[in-house]
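Below is one structure, written out as C-alpha cells; comments come after it.
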Amino acid sequence: MAKEVANPENQTRSQLQVDDSKVVASYANFCRVTGTPEELIVDFGLNPQPMGVPTEPIPVNQRIVVNFYTAKRLYHALGMTLQRHEAAFGPLEVDVNKRVHRQ
Numbered sequence: 038m039a040k041e042v043a044n045p046e047n048q049t050r051s052q053l054q055v056d057d058s059k060v061v062a063s064y065a066n067f068c069r070v071t072g073t074p075e076e077l078i079v080d081f082g083l084n085p086q087p088m089g090v091p092t093e094p095i096p097v098n099q100r101i102v103v104n105f106y107t108a109k110r111l112y113h114a115l116g117m118t119l120q121r122h123e124a125a126f127g128p129l130e131v132d133v134n135k136r137v138h139r140q
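Residues 38 to 140 in my numbering are what the sequence shown spells out, letter by letter.
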C-alpha cells in the first residue's frame, strides 16, 4: 500500500512505500495509555466483560511504544478519521450504558 506525502522543501509529491505483507491483525476493545517523558506506551487487549467493572485481569496482547512526535501524528490521523466516520454515520457514543439503553 502506497501513500502520497508532501515534501515541504519543494512541495512535490512522492510515494512512501509500506510493506504490510507480514502484518498481524488483532482485535481490541480495551486500551490503556501510559508513558514516560520520552515515550508513549499504548497497550491493547480484549476485555471479556465489557459491561461493568471486570472481575478478572484484562489480558493485554499488544503494546505499541512511540515517541511523542509519532503519537501526535497518530492523534491527528485518528481525529480526522473519526470526524469523517461521524459525518457519514452519526456520532459515536463511547458510554456503553447509553448505547444499550438507546436501542
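We put the beta carbon where it would ideally sit given N, CA and C, even for glycine.
Given the structure is predicted, the values throughout are model-derived calculations rather than measurements.
- For the 8 Å Cβ check, are there 3 or more pairs between the segment 101 to 113 and the segment 76 to 85? yes
- Item | Chain-order list of residues whose beta-carbon lies under 8 Å from that of Glu123 (same chain, five-residue window excluded) | Leu129
- Item | Member of Arg50, Ala108, Val97, Val60 whose CA lies at the smallest distance from the CA of Asn66 | Val97
- Query: Going by Cα to Cα distance, which pick from Thr73, Gly89, Val55 is closest to Asn134?
  - Reply: Gly89
- Query: Which residues share a DSSP beta bridge with Arg69?
  - Reply: Asp80
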